[in-house]
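Numbering (UniProt numbering), first residue to last: 1 to 568.
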């Protein structure tokens, strides 16, 4: 039996807490008083039952477990109080100490194999002890073993025998190499054992990722082009992503130009669509971070590297187990409740999406050891009210207030100016992903869609509505000047999308040539703001009409009501 309570697997703890939470107040308090002699602390935990979604038994056991309480102490107390059903839940769990083969996998010795539709894998991969949390495949892809399977010799030839000069990146569980076949650039993921991995983990990881990749056919999910399962190594073959990872682009690795706002918003939308697709198939990615969002030649995001090395799931629990120590590098993207309890739910993916969206909006890396706090998530969560009353939805205006605070403090400046309502919509999407209760991927996607639609409208709308400086171009077509104010000639000639003033105190329009460059070179990267030139100041701009058109657009996006639109 495990030494300490905190070593109990999530499904055991989940069943135990559900059983204990149904006890009468008298029985529960009798149990709790034996655990916590301090009545003040006991009342504090008991009062948490009024908060929806909080298990007071879980909080109690967490408090006890952090004081080195053992599982044996828990079982003895339950038996002494004649709470035999709860004791049986713990006793029915087979400790890892009883099974040396599963020393690092604290689960029942009888693994539950979910019978999903499998892709055509080599016979050596058809292992019965493989399990994953995904349900039966809804649609089998029309793929054969012949066009997916690679021999070891083919992989070695394509990668130059995994030449170190071809290595793209080095990860915890795999190294990625660049190679080619028939002139087509490819990325080869070579799996390897790690010191913390359990026996056969590479085999399980390989099988799981192959199945997950083949099940998920979506334009924003990295497709699997082939696999190799040999005696020397296991390898997965993917298309080579020309523009690298989102993390590299956001941090301008290799002197790369910052991504402009239209591309950033498109990446946000693509990421949320990919995760929503996975969740629709009841698949939890579990490894969402900016380094796993890859960008093709058109900067289309491709979500990659699902955390496929999942431990088997017990049928009685709706949660997926996974070993937390495998996620040390990804802790910056994980919510606190997962770190504490180890329950992998859809909320973990949604929270991770919120952090990636925050990286895109702010340009701040998710983790920085030279910063305080180290994690971006702690920086953002400090802006989100924790009181129960403030966690209501739009009625209290909390979303808008939090979004505005995030934008005012942390908005990325290198990508150019961004309209205030767009920035706040992206900030709202971040809040919707990070809030503790009712985190909503659908609402977040809707908020991002508003911004995406706004940028799309700028490409075909009236001349005044071009992008702000540094993010695109606006037309220099003259407008009517029949009712121009005396001071309008001195006014800025381009509508600023952000309250941040230009360094020289004047607004600038980009030359029409910037429009052509942006549209023709979208595949090769964003245009630098320096490419823009100043428009002739002889063009007179009708500021009154410009303001009205801007308000009409905001009204159509429900950012203004009719009173504000036609008011003074």
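We put the beta carbon where it would ideally sit given N, CA and C, even for glycine.
For residue i, does the count of other Cβ atoms within 10 angstroms reach 16, so buried, or fall short, so exposed?
i           : result
residue 304 : buried
residue 217 : exposed
residue 332 : buried
residue 184 : exposed
residue 29  : exposed
residue 269 : buried
residue 369 : exposed
residue 89  : buried
residue 297 : exposed
residue 349 : buried
residue 371 : exposed
residue 150 : buried
residue 306 : buried
residue 543 : buried
residue 80  : exposed
residue 428 : buried
residue 354 : buried
residue 243 : buried
residue 14  : buried
residue 84  : exposed
residue 182 : exposed
residue 153 : exposed
Who are residue i's beta bridge partners in DSSP?
i           : result
residue 647 : Absent from the model: residue 647. The displayed extent of the chain is 1 to 568, so no value can be given.
residue 221 : 303
residue 571 : The question about residue 571 has no answer here: the residues shown for the chain are numbered 1 through 568.
residue 245 : 294
residue 157 : According to DSSP, residue 157 bridges with nothing at all.
residue 70  : 4
residue 149 : 227
residue 251 : Note: residue 251 sits in no beta bridge, so no partner.
residue 170 : 175
residue 367 : 375
Please work out which residues of its chain come closer than 8 Å, Cβ to Cβ, to residue i, disregarding the five sequence neighbours upstream and downstream, and give them in chain order.
i           : result
residue 572 : Because the chain is modelled from 1 through 568, residue 572 falls outside the range shown and cannot be assessed.
residue 277 : 216, 218, 220, 221
residue 55  : 17, 18, 21
residue 45  : 32, 36, 56, 59, 60, 63
residue 425 : 403, 447, 448, 450, 451
By Cβ distance below 6 Å, which residues in the same chain neighbour residue i in space, the five residues on each side in sequence not counted?
i           : result
residue 12  : 93
residue 245 : 291, 294
residue 233 : 190
residue 522 : Its pLDDT being 36, under 50, residue 522 is placed unreliably in this model, and the value from its coordinates should be taken loosely. Cβ within range, chain order: n/a, list empty.
residue 176 : 168, 169, 187, 189
residue 171 : none
residue 498 : Note that residue 498 scores 41 on pLDDT, short of 50, meaning its location in the model is unreliable and no value can be drawn from it.
residue 77  : 34
residue 554 : 560
residue 338 : 348
residue 210 : 227
Looking only at C-alpha atoms, which of the options sits nearest to residue i?
i           : options            : result
residue 186 : 215, 278, 235, 17  : 235
residue 559 : 451, 373, 28       : 451
residue 68  : 56, 34, 4, 307     : 4
residue 31  : 87, 54, 439, 546   : 87
residue 415 : 252, 553, 162      : 252
residue 283 : 259, 341, 208      : 208
residue 240 : 192, 302, 65       : 302
residue 417 : 150, 260, 46       : 260
residue 6   : 274, 237, 39, 72   : 72
residue 446 : 432, 258, 338, 345 : 432
residue 382 : 397, 405, 367      : 405
residue 272 : 449, 546, 24       : 449
residue 385 : 436, 341, 554, 337 : 436
residue 351 : 48, 247, 442, 281  : 442
residue 444 : 367, 400, 174, 153 : 400
residue 174 : 156, 153, 201      : 201
residue 300 : 279, 274, 456      : 274
residue 359 : 192, 420, 248      : 248
Taking 7 Å as the limit between beta carbons, can you name the residues of its chain near residue i, skipping five residues before and five after?
i           : result
residue 330 : 287, 289
residue 347 : 335, 439
residue 373 : 379
(message) When you compare the stretch 224 to 232 with the stretch 159 to 167, are there three or more beta-carbon pairs, one atom per stretch, that lie closer than 8 Å?
(response) no
(message) For the pair the stretch 408 to 427 and the stretch 360 to 373, tell me if three or more CB-CB distances fall below 8 Å.
(response) yes
(message) Three Cβ pairs or more, each shorter than 8 Å: is that satisfied between the stretch 256 to 265 and the stretch 207 to 224?
(response) no
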